[in-house]
Amino acid sequence: MKSIAAILGAFILTGQASAVSLLLPPKKPKNIILMIGDGTGLVHLYAAYVAKGGQLDIYAFAKHIGLSITASANDFVTDSAAGATALSIGSKTNNGMIGVLPDSSKRETIAETAAKKGLSTGAVVTCELPHATPAAFYAHQPSRKMYAEIVKDMTANTAASILIGGGLPYFDTNALKSAGYSVSVGTETMSKNTGKRQICFIDTLKEPLPVAQRGPTLVHGSVHAIQHLSKNKKGFFLMIEGSQIDWGAHNNDSAHTIAEAIDFDLAAGEVLKWAKNNKRTLVIITADHECGGLTLHDYDKVNKRPTMNFSSGHHTAEPVPVYAFGPGSEAFSGVYQNTAIYHKMMDLLNLKSK
Ligand SMILES: [Zn+2]
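Under the numbering used here, the first residue of the sequence shown carries the number 23, and numbering increases by one thereafter.
As structure tokens, then:
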């Protein structure tokens with residue numbers, strides 16, 4: 023019987039490189055960047071694509087596309103707390119709950135497990151840091167409204183190497199410094215923050231402004247976080263959230279929804295370009311749920327964007343797309359529960375659930 027080496031040699035000699043790759047185990051990523059467009063259904067991104075004149079980096083880069091079913095443990099329609107918790111711990115929980123099961127018992131998040139294995143982790147968001155999505159990765163509380171407890175959890179949590187977002191007034195900067203964080207405020211000073219553990223507040227407000235006033239903090243934050251995290255040779259896990267797409271949709275505000283979706287794509291473009299050069303990075307771009315029941319009926323020539331019809335001021339049960347790029351991206355094709363995204367990521371990073 024011919025040895026594997028002899029067979030591989032024969033393939034190489036006959037130029038059948040693709041046949042060789044079929045015999046090799048699929049490549050696993052060293053780094054995972056999970057990008058969450060809060061409230062961002064299929065239509066929100068398509069609206070941004072139309073408004074950008076038929077271009078979107080997420081569409082251009084996406085290799086494998088799936089659909090995620092977002093219902094929570096106790097509701098057909100999820101909120102952001104349960105939606106993000108499904109992604110962070112791989113279990114459905116009740117609406118409003120952060121990093122815990124429906125019985126309030128804590129479960130280790132993917133960021134915490136990754137950090138224990140020596141990977142660096144972080145989050146970049148355009149909401150305040152104790153808000154539901156970032157909190158679900160670095161806090162464990164029965165209610166998303168418990169900001170004081172969530173802030174305590176996030177301050178004490180040693181899993182994060184970098185946190186970028188708003189909400190400075192909620193935090194005690196002395197406590198952050200005692201916990202080893204190097205604290206900076208403002209996007210200009212972010213690039214000068216060279217601490218081993220960093221918390222970069224994008225402004226001094228409780229809640230960050232819309233992108234029109236805020237500027238491209240998501241792009242700057244994403245680039246800064248990748249520069250910081252990629253110093254770790256063992257790899258990293260980074261969560262990036264376009265937080266305010268959801269806020270625009272709740273308000274049925276077409277201009278705000280589109281502007282935030284374009285901002286999210288801008289950040290995704292930088293992330294995807296970096297991942298393309300760094301061959302061992304998997305990028306997953308998805309949402310926690312749809313918001314607004316958005317449909318497009320026509321093209322608005324005056325505002326150069328689609329005519330947007332919101333059927334709701336709340337979230338809906340519509341499954342959300344999952345766009346994946348990089349090693350392991352093929353695992354994200356198909357239709358599955360939101361919790362499967364966590365299990366696929368854990369498997370690809372060789373991490374075990376606790
Ligand atoms: Zn929402």
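Cβ atoms here follow ideal geometry from the backbone N, Cα and C, with glycine treated the same way.
Because the structure is a prediction, the values reported are computed rather than measured.
Within 10 angstroms of its Cβ, does residue i collect 16 or more other Cβ (buried), or is it exposed?
i	result
Val233	buried
Gly257	buried
Gln77	exposed
Gly356	exposed
Asn196	exposed
Val324	exposed
Thr211	exposed
Asp125	exposed
Thr216	exposed
Gly118	buried
Lys239	As written in the sequence, residue 239 is Thr, which differs from the Lys given in the question. By the neighbour-count rule (16 or more Cβ atoms within 10 Å), Thr239 is buried.
Gln249	exposed
Thr361	buried
Ala170	exposed
Glu352	exposed
Gly189	buried
Ser384	In the structure as shown, the chain begins at 23 and stops at 376. Residue 384 is therefore absent and cannot be evaluated.
Do you know whose CA, among the options, lies nearest residue i's CA?
i	options	result
Phe98	Glu312, Phe354, Gly356	Glu312
Ala69	Asp320, Thr155, Asn53	Asp320
Pro156	Asn179, Gly140, Val305	Asn179
Tyr71	Tyr358, Phe354, Gly315, Phe286	Phe286
Leu373	Leu56, Gly140, Thr115	Gly140
His66	Ser206, Lys376, Tyr345, Gly315	Gly315
Gln235	Lys376, His278, Leu288, Ser90	His278
Asn300	Thr317, Gly348, Lys214, Pro341	Gly348
Gln359	Thr317, Thr115, Tyr81	Thr115
Gly237	Gln266, Lys218, Tyr81	Gln266
Can the beta-carbon of residue i be found less than 9 Å from the beta-carbon of residue j?
i	j	result
Tyr192	Ile221	no
Leu151	Phe259	no
Ile58	Glu292	no
Thr92	Gly105	yes
Lys120	Ala161	Residue 120 is actually Ile in this sequence, not Lys. In contact: Ile120 and Ala161 (Cβ atoms closer than 9 Å).
Thr100	Ala283	no
Ala108	Asp369	no
Asn254	Ser94	no
Leu64	Met367	no
Phe354	Tyr345	yes
Thr338	Ser90	no
Pro164	Gly350	no
Ala103	Ala137	no
Leu294	Ile54	no
Are the stretch 173–190 and the stretch 140–151 touching by the rule of at least three beta carbon pairs closer than 8 Å?
yes
Please give me, in chain order, every unbroken run of the alpha helix (DSSP H) with length at least 4 that falls completely inside the stretch 106–179.
132–138, 154–160, 169–178
Under 8 Å, with one C-beta from each stretch per pair, do the stretch 328–340 and the stretch 263–275 reach the 3-pair mark?
Touching, per the Cβ criterion.
Whole alpha helix (DSSP H) elements within the stretch 197–282, 4-residue minimum:
Correct list: 209–212, 233–236, 239–251, 267–272.
If you scan the stretch 292–360 from start to end, which runs of the beta strand (DSSP E) of 3 or more residues do you find wholly inside it?
303–308, 316–322, 327–332, 342–347, 356–359
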